[in-house]
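Each residue of the sequence shown is one higher than the last, beginning at 14 in this note's numbering. Notes follow once the structure below has been shown.
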Amino acid sequence: MATKTKTVNTSQPKEPKKICQYKDCDAMGRYQLTSNFYKSRNVSIGYHPCCKDCINNKIINIDDMQTVYDVLQTLDTPFIQEVWTEALADVEENYIDKYLDLINNTYKTRYENARYKDSIYEKTSSIEKDEDGNEIKEWDDEWQGYYSKRELAYLNKYYQDLNNDFKIITTNHKDYARRIAQASLIMNDTYNVMRDNPDDKDAVNAYNTAVSNFDRLSKSAQFAESQRSASDVSLGCFGKVFDAVEKHNFVPKHIPEDKDMFDKIIDQFMNINRSL
Ligand SMILES: [Zn+2]
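Below you can see the structure in the form of structure tokens.
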């Protein structure tokens, strides 16, 4: 029977495929899986016409932000300066890939309904000042102190990042994480003052005190670690941090906006040299 000779076309792809439209694509002219393409939040666009490789390696030029905006516009995904800054600090390449991972997954609840028109190009300032130009601080129950919104944002971000990177379970863990966050905030603020007033001895002293407090905290944490290592709670993860802090090579990649950390470490090494 003639109908029996009809066979199913097994070459039919199960997953729809697309051809990248970028002129210099390595896979130009060949079909690629749609998973190689970024999906637009605008269903009428579907996917970006260029494949992920081309977008990350050929189209995006981080010195020309328009290339970034253009891709995000096609994906109808918001550009959020703070998230972009985080992506830049977090990876060496494939910035768009990292950015989309942050926007679509890490910060899903915040941005899942946002479109390109909801973009925020400026870093949002959370510094509120009174008539005298001092930061307005309010009591915070969680941190048990008077803090400005900027400081709370710093502390909460630092604490949250520690939480993401390490297992913070016990009250002791939480206490150490909080105190490290607070010491880091003070070190950050005193560093900024010192950088703006390099000849001000008080500013330099304040920074050096902050650094030694941070160091002392890390030392005591390490001491506590060896004390507590006999307990059931594994502190291996924390030990690594404190060990790194101890060796002055603690570079928390989870504080992307804090590029100054490298300056601080260099500064710490200078102090060591001076004391030798
Ligand atoms: Zn391509």
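Just so it is clear, CB atoms sit at the ideal spot from N, CA and C, and this is done for glycine as well.
Asked: Could you give the C-beta distance for Ile58 and Thr87, rounded to a whole number, given that I count them as a contact under 8 Å?; Found: 6 Å
Asked: Nearest CA to the CA of Glu148: which residue from Gln79, Tyr160, Thr222, Tyr60?; Found: Tyr160
Asked: Using C-beta distances below 6 Å, list every residue in its chain close to Asn69, excluding the 5 sequence neighbours before and after it, in chain order.; Found: Asn107, Ile109, Asp110
Asked: Which of helix, strand or coil does DSSP assign to Cys64?; Found: strand
Asked: Confirm the yes/no value for this check: CB of Ala40, any heavy atom of ligand 1, distance under 7 Å.; Found: yes
Asked: To which residues of the same chain is Leu115 closer than 7 Å at the C-beta, ignoring the five residues directly before and after it?; Found: Val96, Glu99, Ala100
Asked: Can you pull the DSSP bridge partners for Asp153?; Found: Gly158
Asked: Do you know whose CA, among Val56, Cys33, Asn55, lies nearest Thr47's CA?; Found: Cys33
Asked: If you follow the alpha helix (DSSP H) that Asp35 is in, where does it begin and where does it stop?; Found: Residue 35 is actually Tyr in this sequence, not Asp. Taken as a continuous stretch (DSSP letters only), Tyr35 belongs to no alpha helix (DSSP H), as it is neither H nor E.
Asked: With hydrogens ignored, establish whether the beta-carbon of Tyr220 is closer than 7 Å to any heavy atom of ligand 1.; Found: no
Asked: How would you call Tyr51, buried or exposed, if buried means at least 16 neighbouring beta carbons within 10 angstroms?; Found: buried
Asked: At a cut-off of 7 Å, would you count Tyr35 as near ligand 1, judging by its Cβ distance to the nearest heavy atom?; Found: yes
Asked: Check each candidate in Asn185, Met41, Tyr35, Gly158 and name the one with the smallest Cα separation from Ile73.; Found: Tyr35
Asked: Output the distance between the C-alpha atoms of Asp83 and Asn126, rounded to the nearest integer angstrom.; Found: 19 Å
Asked: Which one or two residues does DSSP pair with Leu168 in a beta bridge?; Found: Its beta-bridge partners do not exist; DSSP assigns none.
Asked: Applying the criterion that 16 or more other CB atoms from any shown protein chain within 10 Å of the CB defines a buried residue, is Glu105 buried or exposed?; Found: exposed
Asked: Within 7 Å: the Cβ of Asp110 and any heavy atom of ligand 1?; Found: no
Asked: How about Asn49 and Lys65: are their beta carbons less than 8 Å apart?; Found: yes
Asked: Which residues bound the beta strand (DSSP E) around Leu115?; Found: That residue, Leu115, is in no beta strand (DSSP E); it is neither H nor E in DSSP.
Asked: Whole angstroms is fine: what's the gap from Val246's alpha carbon to Arg208's?; Found: Note that Val246 scores a pLDDT of 40, beneath 50, so its modelled location is shaky and nothing firm can be said.
Asked: Using a Cβ-Cβ cut-off of 8 Å (strictly less than) and excluding sequence neighbours within five positions of Leu198, which residues of its own chain qualify?; Found: Glu164, Tyr167, Leu168, Tyr171
Asked: First and last residue of the alpha helix (DSSP H) that includes Lys52?; Found: Not the alpha helix (DSSP H): Lys52 falls in the beta strand (DSSP E), residues 50-52.
Asked: Where does Ile93 sit, in a helix, a strand or coil, going by DSSP?; Found: strand
Asked: From Asp77 to Tyr189, what distance separates their C-alpha atoms?; Found: 42 Å
Asked: So Arg128 and Pro91 are supposed to be a Cβ contact under 8 Å. How far apart are they, rounded?; Found: 6 Å
Asked: Check whether the Cβ atoms of Ala194 and Val206 lie closer than 8 Å to each other.; Found: no
Asked: Let me check you understand the geometry: is the CB of Asp83 closer than 7 Å to at least one non-hydrogen atom of ligand 2?; Found: By its list of ligands, the structure shown excludes ligand 2, since it contains just ligand 1.
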